[in-house]
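Notes for the one structure printed next.
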Amino acid sequence: MTAVPGQLPPASLLENIPRLVTAYFGLIPDPAEPTQRVAFGTSGHRGSSLRASFNETHILAVTQAVCTYRKARGIDGPLFLGIDTHALSEPAFASALEVLAANGVETMISAGGEYTPTPAVSHAILVHNRGRTRGLADGIVVTPSHNPPEDGGFKYNPPNGGPADTEVTGWIEQEANRLIEGGLAEGKRMPYARARAAASTHAHDFLGAYVADLGNAIDFDAIRGAGLKLGVDPLGGAGVHYWRRIADTYRFDLDIVNETVDPTFRFMTLDWDGRIRMDPSSKFAMQHLIRLRDKYDVAFACDTDHDRHGIVARSSGLMPSNHYLSVMIDYLFRHRPRWRADAGVGKTVVSSAMIDRVANGLGRRLYETPVGLKWFVAGLLDGSLGFGGEESAGATFSRIDGSVWTTDKDGIAAALLSAEITARSGRDPGECYRDLTQKYGEPLSNRVDARANAAQKKKLAQLTPDKIEISELAGEKVEHVLDRAPGNGGRIGGIKVIAANGWFAARPSGTEDIYKIYAESFIDEAHLKRLLAEAQAVVDKTIGA
Numbered sequence: 005m006t007a008v009p010g011q012l013p014p015a016s017l018l019e020n021i022p023r024l025v026t027a028y029f030g031l032i033p034d035p036a037e038p039t040q041r042v043a044f045g046t047s048g049h050r051g052s053s054l055r056a057s058f059n060e061t062h063i064l065a066v067t068q069a070v071c072t073y074r075k076a077r078g079i080d081g082p083l084f085l086g087i088d089t090h091a092l093s094e095p096a097f098a099s100a101l102e103v104l105a106a107n108g109v110e111t112m113i114s115a116g117g118e119y120t121p122t123p124a125v126s127h128a129i130l131v132h133n134r135g136r137t138r139g140l141a142d143g144i145v146v147t148p149s150h151n152p153p154e155d156g157g158f159k160y161n162p163p164n165g166g167p168a169d170t171e172v173t174g175w176i177e178q179e180a181n182r183l184i185e186g187g188l189a190e191g192k193r194m195p196y197a198r199a200r201a202a203a204s205t206h207a208h209d210f211l212g213a214y215v216a217d218l219g220n221a222i223d224f225d226a227i228r229g230a231g232l233k234l235g236v237d238p239l240g241g242a243g244v245h246y247w248r249r250i251a252d253t254y255r256f257d258l259d260i261v262n263e264t265v266d267p268t269f270r271f272m273t274l275d276w277d278g279r280i281r282m283d284p285s286s287k288f289a290m291q292h293l294i295r296l297r298d299k300y301d302v303a304f305a306c307d308t309d310h311d312r313h314g315i316v317a318r319s320s321g322l323m324p325s326n327h328y329l330s331v332m333i334d335y336l337f338r339h340r341p342r343w344r345a346d347a348g349v350g351k352t353v354v355s356s357a358m359i360d361r362v363a364n365g366l367g368r369r370l371y372e373t374p375v376g377l378k379w380f381v382a383g384l385l386d387g388s389l390g391f392g393g394e395e396s397a398g399a400t401f402s403r404i405d406g407s408v409w410t411t412d413k414d415g416i417a418a419a420l421l422s423a424e425i426t427a428r429s430g431r432d433p434g435e436c437y438r439d440l441t442q443k444y445g446e447p448l449s450n451r452v453d454a455r456a457n458a459a460q461k462k463k464l465a466q467l468t469p470d471k472i473e474i475s476e477l478a479g480e481k482v483e484h485v486l487d488r489a490p491g492n493g494g495r496i497g498g499i500k501v502i503a504a505n506g507w508f509a510a511r512p513s514g515t516e517d518i519y520k521i522y523a524e525s526f527i528d529e530a531h532l533k534r535l536l537a538e539a540q541a542v543v544d545k546t547i548g549a
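Here our numbering is used: the first residue of the sequence shown is 5, the next is one more, and so on.
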């Protein structure tokens, strides 16, 4: 049976879970093989046990490296450990706990074995650390985000609650690979049963703590009073049980259209390339919820660790990520009067220029960075940023009082904000975006993914303007070729080419063997297609794809 994007997967495409888990324990990575080494991308180490890139050896080494890092930096508070619903998350959790317990790390694991969204871990770290200067907490989330079922992922969040920056991940990566090369002789570990029973292992109610505090970030009174018809699809992810608790706690109607947890994710419609991927911003992966569009005033979904959001508006269907980010920013800065008057807007370099125009219209400072929410952590912590978001449907924002909510992406809060926007404005987010286009113009944007091997991805990540041979873009003179973001001067990890009425950016994926091209036109659809075609031709020629 053929794999068709937007359709349910044939049985032949479903992952063999016993084989996947067996490979996790059975395959030993070769540290001399680059693809089998620990490698932290945009947000953690990811890979598949079948490719010997995410195996027990990796997790034992990375966790020991985290323990060593904590000790060296004087981080001696609890470590909050969460997992998502990918098949490799459970065994990786067990491996990590064996190491943490052997190192005497006070480890907080979810009560009742509940799955734990990324924002719930960030929230727990920040709540514990509030007002403290000693005994600071940090965290680990075992998740490959929206990646296919065969993948595993492991990311570290330091005491600031956000994704670890490159200095931290670089140290952990190097130490983990050193340990693997030494056969893990320096690593500590105890049997899993002893680790679970260890005095340093504690149950923590991530779900209860996060939900009880959520009313300080979202106006549930407005949602409840509007009597909206709302729907959510957890996409089989870590927040599957959070939604019912949220609706019951804040007393509003919410249909949970699918509460199934299945590590094959057989209920997902296939993504653009015929693979299973829990991407709430993909029109192919989100077909089930899109078909229910007319049933709800607004509906939403989150990816597997619930740090990304997808919004289905009755007026417009699935909203492109950039559209909803623009709507969020416009709404939040007009409806959060307690935020700092100088609180700025954080966006990544590949996000829409519509955000620039919205920020300018609000009189707010724009802070443009490379891809990755880690660049916004400091600003979110001190309130100098009220919002931080990236085009891949990831964002977080301040509490209603202007203090920090999470410093990692929060798909749950972002999704619920769509209900608040609809309740308070009387218009769904799709209609709100149309209002913005009337005011600021209507850019057309798209993103395409192209295959690239590890060597090609590395070459793209290291591109500098002098290596790009381009003087015209879609018939216009090239004005700028950037390899650094305007806001903080950080390397883009790719390239951005700008002309008068359009731009494109290209960067490698941190998790898959693809590179991504982002393009935006201020003219028309034909111009956008030309931008994308020329961009791919230039990049392929430059990296030898």
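Glycine included, each C-beta is placed from N, C-alpha and C at the ideal position.
As assigned by DSSP and simplified to three states, the class of residue i
| i | result |
| --- | --- |
| P433 | helix |
| W379 | helix |
| I404 | coil |
| G278 | coil |
| Y300 | coil |
| L536 | helix |
| C390 | It should be pointed out that residue 390 corresponds to Gly in this sequence rather than to Cys. DSSP places G390 in strand when its eight states are reduced to three. |
| H313 | strand |
| R4 | No answer is possible for residue 4: the residues shown for the chain start at 5 and end at 549. |
| E49 | Contrary to the premise, residue 49 reads as His rather than Glu in this sequence. In this structure, H49 counts as strand in the three-state DSSP scheme. |
| V349 | strand |
| G445 | coil |
| I260 | strand |
| F397 | Note that residue 397 is Ala in the sequence shown here, rather than Phe. DSSP places A397 in coil when its eight states are reduced to three. |
| I547 | helix |
| L31 | coil |
| G415 | helix |
| S475 | coil |
| E524 | strand |
| L322 | strand |
| A305 | strand |
Residue burial classification, residue i (beta-carbon count within 10 angstroms, cutoff 16)
| i | result |
| --- | --- |
| F29 | exposed |
| N151 | buried |
| N492 | exposed |
| R134 | exposed |
| N457 | exposed |
| Q442 | exposed |
| S475 | exposed |
| G116 | exposed |
| I32 | exposed |
| H127 | buried |
| V8 | exposed |
| P447 | buried |
| Q178 | exposed |
| L187 | Reading the sequence as shown, one finds Gly at residue 187 and not Leu. When all chains shown are included, G187 counts as exposed. |
| A91 | buried |
| T137 | exposed |
Residue i - containing alpha helix (DSSP H), residue span
| i | result |
| --- | --- |
| E102 | S93 to A106 |
| F508 | Element bounds for F508: not the alpha helix (DSSP H) but the beta strand (DSSP E), G506 to P512. |
| M272 | Careful: M272 lies outside any alpha helix (DSSP H) and carries neither H nor E. |
| D360 | A357 to L366 |
| D487 | Counting along the chain, D487 falls outside any alpha helix (DSSP H), though it belongs to the beta strand (DSSP E) covering E480 to R488. |
| T205 | Per DSSP, T205 belongs to no alpha helix (DSSP H); it is in the beta strand (DSSP E), T205 to H208. |
| K463 | A458 to A465 |
| T72 | E60 to R77 |
| H245 | Run containing H245: none; DSSP gives neither H nor E here. |
| R55 | No alpha helix (DSSP H) holds R55; DSSP gives it neither H nor E. |
Endpoints, beta strand (DSSP E) assigned at residue i
| i | result |
| --- | --- |
| R455 | L448 to R455 |
| R574 | For the chain, the structure presents residues 5 to 549; residue 574 sits outside this window and is missing. |
| D283 | Counting along the chain, D283 falls outside any beta strand (DSSP E), and DSSP gives it neither H nor E. |
| I87 | L83 to I87 |
| T373 | L370 to T373 |
Handout entry: Inter-stretch contact at 8 Å, needing at least 3 Cβ pairs: the region 196–206 / the region 395–402
Key = no
Exercise for the section: Count the CB pairs spanning the region 222–238 and the region 300–317 that are closer than 8 Å, and state whether there are at least three. Expected result: yes
Problem - Cβ pair count under 8 Å reaching 3, the region 334–347 against the region 373–393 - result: yes
Problem - Sequence ranges, alpha helix (DSSP H) only - wholly within the region 169–240, length at least 4 - result: 170–185, 196–201, 210–217 and 224–230
Problem - Contiguous beta strand (DSSP E) assignments of at least 3 residues, all confined to the region 104–161 - result: 111–114, 142–146 and 155–161
Practice task
Spell out a yes or no on whether the region 209–225 and the region 249–264 are touching, meaning 3 or more CB-CB pairs, one atom from each, closer than 8 Å.
Solution key: yes
Exercise for the section: Say whether the region 75–89 touches the region 37–45, bearing in mind that this needs 3 or more beta-carbon pairs closer than 8 Å, one atom from each stretch. Expected result: no
Problem - At least three beta-carbon pairs within less than 8 Å, the region 15–30 to the region 145–161 - result: yes
Problem - Cβ contact (3+ pairs, closer than 8 Å) linking the region 372–384 and the region 347–354 - result: yes
Practice task
Could you say if the region 213–226 and the region 423–430 meet the contact criterion of at least three C-beta pairs nearer than 8 Å?
Solution key: yes
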